[in-house]
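**Q** Add 26 to the 1-based position in the sequence shown for our numbering, that's all there is to it. The beta-carbon is built from N, C-alpha and C at its ideal position, and this holds for glycine as well. It should be emphasised that the depicted structure is a prediction, and the values quoted were computed from it without experimental measurement. Pasting a structure below so you can have a look.
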Amino acid sequence: MRARCLLRDLRDALGETAVKTDPNEISPYLVDWRGRYSGTAECVVEPRTAQEMARVVKTAVAHGAAVVPQGGNTGLVGGGVPSNGADGRTQVVISMRRLNRIREVDPLDNVIVTEAGVILKHAQEAAGAMGRLLPISLAAEGSAQVGGVVSTNAGGINVLRYGCTRDLVLGLEVVMADGAIWNGLQKLRKNNTGYDLKQLFIGAEGTLGIVTAVALKLFPLPHSHTTTFIAVPNPDAAVKLLRHLQAELGDSIVAFELVQRACLDLVLSSVKDARDPLSERSPWYVLAEVSATMKGLSIDDLVEDSLASAAEQGFVSDAVLARSAAQRAEFWRLREEITDAERRYGPSAKHDVSIPVSLIPEFLAKADDAVRSRFPEAKPIAFGHVGDGNIHFNVLAPVSDTEAIGMVVYDLVSNLGGSISAEHGIGLSKVDLLPRYKDDISLTLMRQLRLTLDPLQSFNPGKLVHVRPLEN
Ligand SMILES: Cc1cc2nc3c(=O)[nH]c(=O)nc-3n(C[C@H](O)[C@H](O)[C@H](O)COP(=O)(O)OP(=O)(O)OC[C@H]3O[C@@H](n4cnc5c(N)ncnc54)[C@H](O)[C@@H]3O)c2cc1C
Numbered sequence: 027m028r029a030r031c032l033l034r035d036l037r038d039a040l041g042e043t044a045v046k047t048d049p050n051e052i053s054p055y056l057v058d059w060r061g062r063y064s065g066t067a068e069c070v071v072e073p074r075t076a077q078e079m080a081r082v083v084k085t086a087v088a089h090g091a092a093v094v095p096q097g098g099n100t101g102l103v104g105g106g107v108p109s110n111g112a113d114g115r116t117q118v119v120i121s122m123r124r125l126n127r128i129r130e131v132d133p134l135d136n137v138i139v140t141e142a143g144v145i146l147k148h149a150q151e152a153a154g155a156m157g158r159l160l161p162i163s164l165a166a167e168g169s170a171q172v173g174g175v176v177s178t179n180a181g182g183i184n185v186l187r188y189g190c191t192r193d194l195v196l197g198l199e200v201v202m203a204d205g206a207i208w209n210g211l212q213k214l215r216k217n218n219t220g221y222d223l224k225q226l227f228i229g230a231e232g233t234l235g236i237v238t239a240v241a242l243k244l245f246p247l248p249h250s251h252t253t254t255f256i257a258v259p260n261p262d263a264a265v266k267l268l269r270h271l272q273a274e275l276g277d278s279i280v281a282f283e284l285v286q287r288a289c290l291d292l293v294l295s296s297v298k299d300a301r302d303p304l305s306e307r308s309p310w311y312v313l314a315e316v317s318a319t320m321k322g323l324s325i326d327d328l329v330e331d332s333l334a335s336a337a338e339q340g341f342v343s344d345a346v347l348a349r350s351a352a353q354r355a356e357f358w359r360l361r362e363e364i365t366d367a368e369r370r371y372g373p374s375a376k377h378d379v380s381i382p383v384s385l386i387p388e389f390l391a392k393a394d395d396a397v398r399s400r401f402p403e404a405k406p407i408a409f410g411h412v413g414d415g416n417i418h419f420n421v422l423a424p425v426s427d428t429e430a431i432g433m434v435v436y437d438l439v440s441n442l443g444g445s446i447s448a449e450h451g452i453g454l455s456k457v458d459l460l461p462r463y464k465d466d467i468s469l470t471l472m473r474q475l476r477l478t479l480d481p482l483q484s485f486n487p488g489k490l491v492h493v494r495p496l497e498n
């Protein structure tokens, strides 16, 4: 009866077609990208404006229901799907799909303003059409939405040069738990008028408010790129190569990705037409991209010279430069297909961790040893954005071992001063782990913040941080 009233009120607020209850239609919204988390929901709603979003939130809260914001549903930690952590409350999934207008691309202020449901790739293309670069880039960019990217503070391949999403957001529009619409959609680079409130919602995983629109920084489009696939003897050489290239090429290095041979093998064995770029096998590779924003600069020659001097110092065993746009895309496909190839292979324990860059070689050696000695069947594979200290240390292993493997890896990460989540967030997958690795004062502040902004715990309950400490 209560649920029927909720549905009726939501339909009154949004119209009949924007409230979906057909089990076949809503089932894709109830399970996460990896198929590891699923839950039930009364309905999926599709508001088209911030005002409609406000009505959804007010209606759900009035009925004591919880709301679960969902973007492209590419998150890897189960944050965007309904959960059992809602204490038996009715859950409403809010799809951002129809909140999909690009409000403005402003080449003078170098800003793009998009609604939350705009697909990241579409935002990049809109900026590109005006001669500007939106530098947030990740393998899921064809499905991930701007609101999801902001709510997870996504990283991706260009963090080395341009920073994380947090560094690129200038303003936000957010629907609060009481249904008020906070207009913080500014385009200012400087604004010292007190707390930087937008930062609260970036990386909050939908627990503090619903992001409805975002203003993001744009940059000049590079005039040329050099993409190179490099064989390196080990991770230590990769880190030294990074510093060597930076010393010679400055911040023109945009991306610097480490790939273990086992990852390349997974991709080569499961992706049609994928080819090994180099003739000899190497245990490790780096995929690096250098770009020039200055016109008329030939960076291929500079990169080749730097790689030659790196080879003399033993940091590089072999390398090939992409000679066409198609070859550049081929190199990137090898990197971007790793996550999907891993999913096709079978279950794995994923660890999206960050460590100080200098300690990556030590971490990789110790983690590999620790996992192989305790779980002889397990196969660790590593890749990631080594330029910013972010490694995806994943372990192909049965689901029954994943929790125990996680403890081994995270304890090591913590001992090295690292973070148990570099860019994917906490969601459901790490919510019970957070208290083990985060200090008490931080946890208390996070809980207080959550209770202040959402006193009835209507936003994404059970995700990111438990509001009450876990009982031992
Ligand atoms: C193949 C692949 C590669 C990936 N590579 C990277 C990578 O390199 N770097 C990286 O950081 N991530 C990566 N990811 C993870 C994922 O793509 C990012 O986390 C992305 O930002 C999620 O966007 P989404 O729209 O799919 O969000 P969803 O998965 O739908 O949601 C993610 C979280 O944000 C919340 N949320 C969504 N929209 C809103 C909103 N409008 N307001 C408030 N809360 C909201 C959800 O409740 C959930 O907690 C990858 C994922 C895949 C599948």
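Where does residue 310 fall in DSSP's three states?
**A** It is a strand residue.
**Q** Does the contact criterion of 3 or more C-beta pairs under 8 Å hold for the region 268-276 versus the region 225-240?
**A** By the Cβ test, the region 268-276 is not in contact with the region 225-240, since fewer than three Cβ pairs between them sit closer than 8 Å.
**Q** Sorted by chain position, which residues of the same chain lie with C-beta nearer than 7 Å to residue 223's C-beta, five sequence neighbours on each side aside?
**A** 210
**Q** Quick one: Cα of residue 481 to Cα of residue 298, how far?
**A** Annotation: residue 481 to residue 298 spans about 51 Å, alpha carbon to alpha carbon.
**Q** Compute the beta-carbon to beta-carbon distance between residue 365 and residue 165, rounded to the nearest angstrom, for a pair I have assumed lies under 8 Å.
**A** About 6 Å separates the beta carbon of residue 365 from that of residue 165, a gap short enough to meet the 8 Å contact definition.
**Q** How is residue 336 classed by DSSP in three states: helix, strand or coil?
**A** helix
**Q** Using a Cβ-based criterion (distance less than 7 Å to any ligand heavy atom), does residue 94 qualify as near ligand 3?
**A** Absent from the structure shown: ligand 3. Ligands present: ligand 1.
**Q** If you follow the alpha helix (DSSP H) that residue 467 is in, where does it begin and where does it stop?
**A** 466-479
**Q** Along the alpha helix (DSSP H) that carries residue 358, what are the first and last residues, could you check?
**A** 351-362
**Q** Excluding sequence positions up to five away, which residues of its chain have a Cβ less than 6 Å from the Cβ of residue 418?
**A** 378, 409, 410
**Q** For a test of the three-state rule: what should DSSP assign to residue 317, helix, strand or coil?
**A** strand
**Q** Just to confirm, is the Cβ distance from residue 266 to residue 241 under 8 Å?
**A** Their beta carbons are not under 8 Å apart, which means residue 266 does not touch residue 241 by this criterion.
**Q** Go ahead and label residue 498 buried or exposed: buried means 16 or more other beta carbons lie within 10 angstroms of its beta carbon, across all protein chains shown.
**A** Interpretation of residue 498 is limited by its pLDDT of 46, a score under 50 that renders its predicted location unreliable; the figure taken from the coordinates is listed afterwards. It counts as exposed.
**Q** Smallest Cα separation from residue 369: which of 320, 422, 395, 318?
**A** 422
**Q** With distances taken between CB atoms, is the gap from residue 491 to residue 472 smaller than 8 Å?
**A** yes
**Q** Is residue 219 helix, strand or coil by DSSP?
**A** coil
**Q** Does the beta-carbon distance from residue 104 to residue 63 come in below 8 Å?
**A** yes
**Q** Tell me where the alpha helix (DSSP H) around residue 287 begins and ends.
**A** That run of the alpha helix (DSSP H) goes 287-296.
**Q** DSSP beta-bridge partners for residue 117?
**A** 92
**Q** Can residue 420 and residue 376 be called in contact, C-beta distance under 8 Å?
**A** yes
**Q** Cα-Cα, which of 190, 174, 414 is closest to residue 531?
**A** As displayed, the chain neither begins before 27 nor continues past 498, which places residue 531 out of reach and without an answer.
**Q** Quick one: residues in its chain with C-beta nearer than 6 Å to the C-beta of residue 100, no 5 flanking neighbours on either side, listed in chain order?
**A** 59, 166, 169, 170
**Q** Specify, as a first and last residue, the run of the alpha helix (DSSP H) that residue 405 falls within.
**A** Looking at the DSSP string, residue 405 is not in any alpha helix (DSSP H); the run it does join, the beta strand (DSSP E), is 405-411.
**Q** Take the Cβ of residue 476 as the centre, count every other Cβ of all protein chains shown within 10 Å, and call the residue buried at 16 or more, exposed below.
**A** Under this definition residue 476 is a buried residue.
**Q** Should residue 110 be counted as a contact of ligand 1 given a C-beta to heavy atom distance under 7 Å?
**A** no
**Q** Once DSSP output is grouped into helix, strand and coil, what is the label at residue 158?
**A** In the three-state reduction of the DSSP assignment, residue 158 falls in the strand class.
**Q** Whole angstroms is fine: what's the gap from residue 193's alpha carbon to residue 228's?
**A** 10 Å
**Q** Is it buried or exposed for residue 106, if we count other Cβ within 10 angstroms and need 16 for buried?
**A** buried
**Q** Between the C-alpha atoms of residue 77 and residue 120, what's the straight-line distance to the nearest angstrom?
**A** 14 Å
**Q** Can you find at least 3 beta carbon pairs, one from the region 325-333 and one from the region 296-311, that sit closer than 8 Å?
**A** no
**Q** Below 6 Å CB to CB, which residues in the same chain sit around residue 150 once its five sequence neighbours on both sides are set aside?
**A** Shown here for residue 150: same chain residues with a beta carbon closer than 6 Å to its own, the five before and five after excluded, namely 160 in chain order.
**Q** Just the C-alpha distance for residue 225 and residue 414, rounded to the nearest angstrom, thanks.
**A** 21 Å
**Q** Indicate the three-state DSSP secondary structure (helix, strand or coil) for residue 74 in the structure shown.
**A** coil
**Q** Shorter than 7 Å, the distance from the beta carbon of residue 486 to the closest heavy atom of ligand 1, or not?
**A** yes
**Q** Closest by CA to residue 246, which one among 188, 92, 293?
**A** When only C-alpha atoms are compared, the closest one is 188.
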